[in-house]
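Enquirer: Provided herewith is a single structure, encoded as structure tokens, for subsequent inquiry.
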Amino acid sequence: MNHSVGVIEPGSSETRDGTHTLRFVVRVPHTMEEVWDAVATPEGLVKWLAAADVLERHLGGAVVLRLLNSDAPAVSGRITAWDVERVAEYTMEGFHGRIRFHLEPGTILRFTNEIHGDDEFRLDCLAAWHDHLERLAAALDGRPTDWSAWTPDRFRELRASYT
Numbered sequence: 288m289n290h291s292v293g294v295i296e297p298g299s300s301e302t303r304d305g306t307h308t309l310r311f312v313v314r315v316p317h318t319m320e321e322v323w324d325a326v327a328t329p330e331g332l333v334k335w336l337a338a339a340d341v342l343e344r345h346l347g348g349a350v351v352l353r354l355l356n357s358d359a360p361a362v363s364g365r366i367t368a369w370d371v372e373r374v375a376e377y378t379m380e381g382f383h384g385r386i387r388f389h390l391e392p393g394t395i396l397r398f399t400n401e402i403h404g405d406d407e408f409r410l411d412c413l414a415a416w417h418d419h420l421e422r423l424a425a426a427l428d429g430r431p432t433d434w435s436a437w438t439p440d441r442f443r444e445l446r447a448s449y450t
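Quick note on our numbering: the sequence shown kicks off at 288 and runs consecutively.
So this is what it looks like as structure tokens:
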């Protein structure tokens, strides 16, 4: 996959009371509507993150995400914040935690993920989200992820950079 090199700055994290908060600020040269569609519709999410088997697009709605690069079972959750074209927040069961996309004028996407786990898991998640956000940038540029050709190579490279 041809990644948009330089588009995604390294993420940061902080840990408080056993919760890791991962943060990325992504500058995307696309309209807020295009970015919103990518992070808040099944048609958009599948191009860079996961299949949204269920996505009830309203506060309290159900969401079921299924990764297409693994045999892991689908993960269920709820929409815990929803402000059309501004905020989409999915609180997922298990180790996936709270995933929040906050769009700001000027083509800025603020992404946060709150998770629980050890430091190795925190680093794995930083690398995984960095990889997915590169895929988001590519999808917005008209290059959606071909999940059948996915390999862990880019994840491994990013994981080493977060160590």
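Every residue gets a Cβ at the ideal spot worked out from N, C-alpha and C, and that includes glycine.
As the structure is a prediction and not an experimental result, all values here were calculated from the model.
With respect to the alpha helix (DSSP H) encompassing residue 335, which residues constitute its N-terminal and C-terminal limits?
Expert: From DSSP, residue 335 is part of no alpha helix (DSSP H); its letter is neither H nor E.
Enquirer: Taking 6 Å as the cut-off, is the C-beta of residue 312 nearer than that to any heavy atom in the ligand MG?
Expert: The ligand MG is absent from the structure shown, which contains no ligand whatsoever.
Enquirer: By how many angstroms is the C-alpha of residue 407 removed from the C-alpha of residue 445?
Expert: If I take the Cα positions, the gap works out to 13 Å.
Enquirer: Based on DSSP bridge pairs, tell me the residues matched to residue 368.
Expert: Bridge partners of residue 368: 376.
Enquirer: With respect to the beta strand (DSSP E) encompassing residue 388, which residues constitute its N-terminal and C-terminal limits?
Expert: Its beta strand (DSSP E) spans residues 384-391.
Enquirer: Can you name the residues that DSSP bridges to residue 451?
Expert: Residue 451 lies beyond the stretch modelled for the chain, which goes from 288 to 450, so this question has no answer here.
Enquirer: Taking the C-alpha atoms as reference points, what is the distance between residue 380 and residue 330?
Expert: Each residue's alpha carbon lies about 22 Å from the other.
Enquirer: Mark residue 315 as exposed unless 16 or more other C-beta atoms lie within 10 angstroms of its C-beta, in which case mark it buried.
Expert: Buried, by the Cβ-count rule.
Enquirer: Report the rounded CA-to-CA distance for residue 387 versus residue 347, giving the unit in angstroms.
Expert: In a straight line, the C-alpha of residue 387 is about 14 Å away from that of residue 347.
Enquirer: DSSP on residue 430, reduced to helix/strand/coil?
Expert: Residue 430 falls in the coil class under three-state DSSP.
Enquirer: Just curious, the alpha helix (DSSP H) that residue 349 is in, first and last residue?
Expert: Note, residue 349: premise wrong, no alpha helix (DSSP H); beta strand (DSSP E) at 349-353.
Enquirer: Might you give, ordered along the chain, the residues of its own chain that have their beta carbon closer than 6 Å to the beta carbon of residue 435, omitting 5 neighbours on each side?
Expert: Answer for residue 435: no residue qualifies.
Enquirer: Under 8 Å, with one C-beta from each stretch per pair, do the region 395-410 and the region 340-356 reach the 3-pair mark?
Expert: Verdict: no, contact absent.
Enquirer: Please return the same chain residues whose Cβ sits closer than 7 Å to the Cβ of residue 298, not counting the five positions on each side in sequence.
Expert: Closer than 7 Å at Cβ, skipping near neighbours: 309, 310, 311, 413, 416 and 417.
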